[in-house]
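Enquirer: Under the numbering used here, the first residue of the sequence shown is numbered 33, with each subsequent residue one higher.
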Amino acid sequence: EEWINSVPKHALLYEYFDWESPTFCHMPLLRNPDKSKLSKRKNPTSINYYQDMGYLPEALVNYLGMMGWSMPGGEEKFSLAEMEAAFDISRVSLGGPIFDIEKLDWLNGRYLREDLNDADFASRFVVWASKDDRLHKIIPLIKPRVERFSDVVGLASQFIDG
33 EEWINSVPKH
43 ALLYEYFDWE
53 SPTFCHMPLL
63 RNPDKSKLSK
73 RKNPTSINYY
83 QDMGYLPEAL
93 VNYLGMMGWS
103 MPGGEEKFSL
113 AEMEAAFDIS
123 RVSLGGPIFD
133 IEKLDWLNGR
143 YLREDLNDAD
153 FASRFVVWAS
163 KDDRLHKIIP
173 LIKPRVERFS
183 DVVGLASQFI
193 DG
């Protein structure tokens, strides 16, 4: 929405430099539940934030794909390849879609439960938990209370919340 006024300027730049101009299209801005514009100043908009919180990349891509667009059959869970195959610009909504973190949580949960076998789940969890020394930071806090490694899960759970 906020870039619509600058499209003529961008088109002129392509023309002046004798470059092949892309097809420009309008994509709606993401909105907060109160309909205000999603803003990096007051919302977590960095991909790193969602990665640090434990969201799967494929779930986030799926969710963002649903923002202002829908699959022809109304499916809510789909792969990037399925989205690419079904994408039609005419299905993009003009209204600003609402970024609903609860819906993202629901969708990410579906990916965790439905798409990852137990070994993949464990492997990806370990990678997530080990990032930025998450586990290393809590070891000094829980080690004095541990009598068996099986104690770690219960003690660590109060510290590992994303």
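In this text, a Cβ means the ideal position worked out from N, Cα and C, and glycines have one as well. Keep in mind that this is a model prediction, so the values were computed, not measured.
(1) Based on DSSP bridge pairs, tell me the residues matched to Leu63.
(2) Check whether the Cβ atoms of Leu139 and Lys109 lie closer than 8 Å to each other.
(3) Taking just the CA atoms, how far does Pro54 sit from Arg123?
(4) Considering Arg123, what are the terminal residues of the alpha helix (DSSP H) in which it resides?
(5) Looking at C-alpha atoms only, which residue of Trp51, Met98, Tyr81 and Ala118 is the closest neighbour of Leu61?
(6) Determine the contact status of Pro76 and Ile130, defining contact as a CB-CB distance below 8 Å.
(7) Return helix, strand or coil for His58, following the three-state DSSP convention.
(8) Run through DSSP, which three-state label would Phe49 get?
(9) Near Glu90, what residues of its chain come up, given a Cβ to Cβ distance below 8 Å and the 5 sequence neighbours on each side ignored?
(10) With DSSP run on the structure shown, which of helix, strand or coil describes Phe153?
(11) Once DSSP output is grouped into helix, strand and coil, what is the label at Ser111?
(12) Quick check on DSSP: helix, strand or coil for Val178?
(13) With a cut-off of 8 Å on the beta carbons, I'd call Ile170 and Phe191 a contact; round off their distance for me.
(14) How many Å lie between Ile133 and Phe49 at the Cα?
(15) Check whether the Cβ atoms of Val185 and Val178 sit closer than 8 Å, and answer yes or no.
Expert: On the basis of the coordinates in this document:
(1) Residue mapping note: residue 63 aligns to position 31 of the sequence shown, counting from 1. Looking at the sequence itself, residue 63 is Arg, so the reference to Leu does not match. Looking at the DSSP assignment, Arg63 forms a beta bridge with Lys69 and Ile130.
(2) Residue mapping note: residue 139 aligns to position 107 of the sequence shown, counting from 1. Residue mapping note: residue 109 aligns to position 77 of the sequence shown, counting from 1. Against a cut-off of 8 Å, the Cβ pair of Lys109 and Leu139 comes out as a contact.
(3) What you label residue 123 is simply residue 91 of the sequence shown in a count that begins at 1. What you label residue 54 is simply residue 22 of the sequence shown in a count that begins at 1. Near 20 Å, if we compare the C-alpha coordinates of Pro54 and Arg123.
(4) Working through the sequence shown from its first residue, we reach residue 123 at position 91. Arg123 -> no alpha helix (DSSP H), and no H or E assigned at all.
(5) As a first step, residue 61 is located in the sequence shown; it is residue number 29 there, counting from the start. Considering only alpha carbons, the answer is Met98.
(6) Walking along the sequence shown from the start, residue 76 turns up at place 44. Walking along the sequence shown from the start, residue 130 turns up at place 98. By the CB criterion at 8 Å, Pro76 and Ile130 fall outside the cutoff.
(7) Translated into the one-based positions of the sequence shown, residue 58 becomes position 26. Coil at His58, not helix or strand.
(8) For the purposes of this step, residue 49 is taken as the residue at position 17 of the sequence shown. Coil at Phe49, not helix or strand.
(9) Against the sequence shown, residue 90 aligns to sequence position 58. If we look at Glu90 and ignore the five residues flanking it on each side, its Cβ neighbours are Ser111, Leu112, Tyr143 and Asp147.
(10) Within the sequence shown, numbered from 1, the residue matching residue 153 stands at position 121. Three-state DSSP puts Phe153 in a helix.
(11) Your numbering for residue 111 matches position 79 in the sequence shown. In the structure shown, the three-state DSSP call for Ser111 is coil.
(12) Position 146 of the sequence shown holds residue 178. Here Val178 sits in coil by DSSP.
(13) Numbered from its first residue, the sequence shown carries residue 170 at position 138. Numbered from its first residue, the sequence shown carries residue 191 at position 159. The beta-carbon distance between Ile170 and Phe191, rounded to whole angstroms, is 4 Å. This is short enough to meet the 8 Å contact definition.
(14) As a first step, residue 133 must be located in the sequence shown, where it is residue number 101. As a first step, residue 49 must be located in the sequence shown, where it is residue number 17. Each residue's alpha carbon lies about 43 Å from the other.
(15) As a working note, residue 185 is residue 153 in the sequence shown. As a working note, residue 178 is residue 146 in the sequence shown. Going by C-beta atoms, Val185 is not nearer than 8 Å to Val178.
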